[in-house]
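Enquirer:
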Amino acid sequence: MTDNPIILWFRRDLRITDNPALSRAADTGKPIIAVFIDESDADKPLGAASLWWLHYSLTSLMNDLDVPLILRRGQAADILDELIQDTGADHVVWNRRYEKDGIERDTVIKSALTDRGLKVESFKANLLNEPWEVKTKSDTYYKVFTPYWRAAREVFTPDAPLSAPKNMNAYADDLRTDKLEDWKLLPTRPDWGSKMLPYWTPGSEGAREALTEFLNGPVQTYTNDRNRPDKKGTSKLSPHLAFGEISPREIWQACESVEQTDKFMSEIGWREFSYNLLYHNPNLATENFRSDFDAFPWKKDNEALERWQAGQTGYPFVDAGMRELWQTGWQHNRVRMVTASFLIKHLMLDWRRGEEWFWDCLVDADPASNAASWQWVAGSGADAAPYFRIFNPFSQGEKFDKNGDYVRRYVPELKDLPNKYLNRPWEAPEDVLEKAGVVLGQTYPKPIVDHKAARERALAAYKETRAEKK
DNA sequence: TGAAATGTTGGGGCG
DNA sequence: ACGCCCCAACATTTC
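Under numbering that gives the first Met the number 0, the first residue of the first sequence carries the number 0, and numbering increases by one thereafter.
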């Protein structure tokens, strides 16, 4: 083989099926150098839970991949240069990403390599539609979900997903690679990772299993059960999607042959819509989409933030959610809306503090979904929930965790309370508390804020912000 | 993919 | 028999 090799740069697309860059690399027939780079110059490094997931996802990819996966740490531009120099590679391929600093780095690298005569190709792999492909009639991007998704489904051409290539030639010489263990992605002291492992199977095989299991049952009752954190009502595909272990196109195709998948597909649509917003608003994770929120009087209360993070707010449904996040690296979507609303509206803490915490704790942390969803709850985003939509932290539990199974699972110190008081222990008579072994303020906190007062405070702050604005 | 306040309706108890 | 009141149930409005 006299061909110059081709470099296949893996990022958050850790799969071999429906991977356009990988298929392209295979189709050239050239020797393939597959590399994953832990980029030291990323604006927003992965959070701890995502690093944990990444360890297993890379392990899984190395297993699936017919060629060695080179691991390197540093600036991508330097590492690619070095590989090119060492191997004579004349062609580089990757799948696109959409966060601002990633685009910037890719653009610089692409033009530098092109100038030096290399062939560089990038592909659409991780979205159904590119953010610039879905436009309104007046040629602007969509800012409201429903018309966006209607248009997006029209734009999307459901070609069959790409199969894993049959033949991949490995580059013949050994190349220096880091050892995954040396990256120390898994937590130690304490090792909180091993308690999360039972909940998950990172990697493409785990992703396909999750999809199959979901489409074989839960999807039929998804419209209602997706709101029930006490049930297995959701797909749990989010971390697999976040790391590109499965493509949205594969999901689309699998849904085509199953009844009643529209509601589920529209959640995939929310992911697409979030990328649409992120691409057109690169600072979505740090700047209010609606600038009138710049004047909002956020509080700075570290103790309140820490109690929210630790699941010690005294509102059982909120605390269950925050502890689910801490224990499993994931939080049910219905509960995310409630815990986020609580941070923003009851505690009046800046939504960015919540965004940061979720980024660090979620195995499915996604630059687009996380930012767009926090702004949605705050009311500062595009097509956002109106500010006055304030979730009631106990009635949400009573409505969506009817038997209290979810709260009892994650807040076991309340498990012996009757359902009537499970979500509002502060209303329980003394003898009921005593019988359940609950001492408010000792075994479980008193409410960090009074619901009614906090609600009125938030509404007043909102009103004032609006008044100042005009 | 809200919650709370306010308004309306109608059945039933009761003098 | 009738009017009055209460209040649950539902609808509408407001934040």
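From the three backbone atoms N, C-alpha and C, an ideal C-beta is built for every residue, glycine too.
These numbers were taken from a predicted model, which means no experiment stands behind them.
Name the residue from 165, 418, 296, 353 whose alpha carbon lies nearest to the alpha carbon of residue 28.
Expert: As a first step, residue 28 must be located in the first sequence, where it is residue number 29. The option with the nearest alpha carbon to residue 28 is 165.
Enquirer: Decide yes or no for the touch test of the region 221–233 against the region 246–266: beta carbon pairs closer than 8 Å, at least 3 of them.
Expert: Output reads yes: the region 246–266 touches the region 221–233.
Enquirer: Spatial neighbours of residue 419 within its chain, please: C-beta separation below 7 Å, excluding the five flanking residues on both sides.
Expert: What you label residue 419 is simply residue 420 of the first sequence in a count that begins at 1. No residues qualify anywhere along the chain.
Enquirer: Examine the Cβ distances between the region 342–352 and the region 294–307 and report whether three or more of them are shorter than 8 Å.
Expert: Cβ pair count under 8 Å is three or more, so yes.
Enquirer: Please name the residue, chosen from 39, 94, 40, that lies closest to residue 20 on a Cα-to-Cα basis.
Expert: Reading the first sequence from its first residue, position 21 is the one you call residue 20. Comparing Cα-Cα distances from residue 20 to each of 39, 94, 40, the minimum goes to 94.
Enquirer: Anyone know if the C-beta pair for residue 307 and residue 342 falls short of 7 Å?
Expert: Position 308 of the first sequence holds residue 307. Position 343 of the first sequence holds residue 342. Cβ atoms of residue 307 and residue 342: closer than 7 Å.
Enquirer: If we count the other Cβ atoms within 10 Å of its Cβ and call it buried at 16 or more, is residue 438 buried or exposed?
Expert: If you number the first sequence from 1, residue 438 lands on position 439. Burial call: exposed.
Enquirer: Inspect the beta-carbon positions of residue 15 and residue 91 and report whether they are closer than 7 Å.
Expert: Counting from one through the first sequence, the residue named residue 15 turns up at place 16. Counting from one through the first sequence, the residue named residue 91 turns up at place 92. No.
Enquirer: Give the C-beta separation of residue 249 and residue 17 to the nearest angstrom, bearing in mind that I take them to be a contact with Cβ-Cβ under 8 Å.
Expert: Walking along the first sequence from the start, residue 249 turns up at place 250. Walking along the first sequence from the start, residue 17 turns up at place 18. With 8 Å as the limit, residue 249 and residue 17 qualify as a contact, their Cβ atoms being about 5 Å apart.
Enquirer: Distance check for residue 416 and residue 35, CA to CA, integer angstroms please.
Expert: Within the first sequence, the letter at position 36 stands for residue 35. Within the first sequence, the letter at position 417 stands for residue 416. So the alpha carbons of these two residues sit roughly 50 Å apart.
Enquirer: Hey, out of 449, 295, 414, 365, whose CA is closest to residue 126's CA?
Expert: By 1-based counting over the first sequence, the position of residue 126 is 127. The shortest Cα separation from residue 126 among 449, 295, 414, 365 belongs to 365.
Enquirer: So, at 6 Å on beta carbons, what are the nonlocal neighbours of residue 50 in its own chain, with the 5 sequence-adjacent residues on each side left out?
Expert: Here the question's residue 50 lines up with position 51 in the first sequence. Answer for residue 50: 184, listed in chain order.
Enquirer: Quick check on the DSSP output: what are the complete alpha helix (DSSP H) runs of length 4 or more inside the region 422–460, in order along the chain?
Expert: Taking only runs of at least 4 residues, the alpha helix (DSSP H) segments lying wholly in the region 422–460 are 429–434.
Enquirer: Check the DSSP bridge columns for residue 403 and list the partner residues they point to.
Expert: Locating residue 403 in the first sequence gives position 404, counting from the first residue. Residue 403 is not bridged to any residue.
Enquirer: Can you tell me where the beta strand (DSSP E) holding residue 286 begins and where it ends?
Expert: Indexing the first sequence from 1 puts residue 286 at position 287. Note, residue 286: premise wrong, no beta strand (DSSP E); not H, not E.
Enquirer: Going by other Cβ atoms of all chains shown within 10 Å of its Cβ, with 16 needed for buried, is residue 330 buried or exposed?
Expert: As a first step, residue 330 must be located in the first sequence, where it is residue number 331. By the neighbour-count rule (16 or more Cβ atoms within 10 Å), residue 330 is buried.
Enquirer: Would you say the beta carbon of residue 438 comes nearer than 6 Å to a heavy atom of the ligand ATP?
Expert: Absence of the ligand ATP from the depicted structure is noted, as is the absence of any ligand whatsoever, leaving it without description.
Enquirer: Mind checking whether residue 381 and residue 288 have CB atoms under 7 Å apart?
Expert: The residue given as residue 381 occupies position 382 in the first sequence. The residue given as residue 288 occupies position 289 in the first sequence. Taking 7 Å as the Cβ cut-off, residue 381 and residue 288 qualify as a contacting pair.
Enquirer: Check whether the region 31–45 touches the region 68–78, taking contact to mean three or more Cβ pairs, one atom from each stretch, closer than 8 Å.
Expert: Yes, they touch.
Enquirer: Assign residue 441 to one of two classes, buried (16 or more other C-beta atoms within 10 Å of its C-beta) or exposed (fewer than that).
Expert: Here residue 441 is taken as the residue at index 442 of the first sequence, counted from 1. Burial call: exposed.
Enquirer: Between residue 265 and the rest of its own chain, which residues show a CB-CB distance below 8 Å, the 5 nearest in sequence each way excluded?
Expert: Mapped onto the first sequence, residue 265 falls at position 266. Cβ within range, chain order: 148.
Enquirer: Quick one: give me the first and last residue of the alpha helix (DSSP H) that residue 71 is part of.
Expert: Within the first sequence, residue 71 is the residue found at index 72, counting from 1. No alpha helix (DSSP H) holds residue 71; the beta strand (DSSP E) holding it covers 68–73.
Enquirer: Which whole-angstrom value is the C-beta distance of residue 229 and residue 402, which I expect to be below 8 Å?
Expert: Taking the first sequence and counting its residues from 1, one reaches residue 229 at position 230. Taking the first sequence and counting its residues from 1, one reaches residue 402 at position 403. So it is a contact: roughly 7 Å between Cβ atoms.
Enquirer: Can you tell me which of 41, 129, 85, 22 puts its alpha carbon nearest to the alpha carbon of residue 65?
Expert: As a position in the first sequence, residue 65 is number 66, starting the count at 1. Nearest of 41, 129, 85, 22 to residue 65, Cα basis: 22.
Enquirer: What residue ranges within the region 278–347 form continuous alpha helix (DSSP H) runs of no fewer than 4 residues, ordered along the chain?
Expert: Entirely contained in the region 278–347, the alpha helix (DSSP H) runs reaching 4 residues are, in chain order, 301–309, 315–327, 332–340.
Enquirer: Among the candidates 26, 53, 40, whose CA atom is the shortest distance from the CA of residue 243?
Expert: Here residue 243 refers to the residue found at position 244 of the first sequence. Residue 243 has its Cα closest to that of 53, out of 26, 53, 40.
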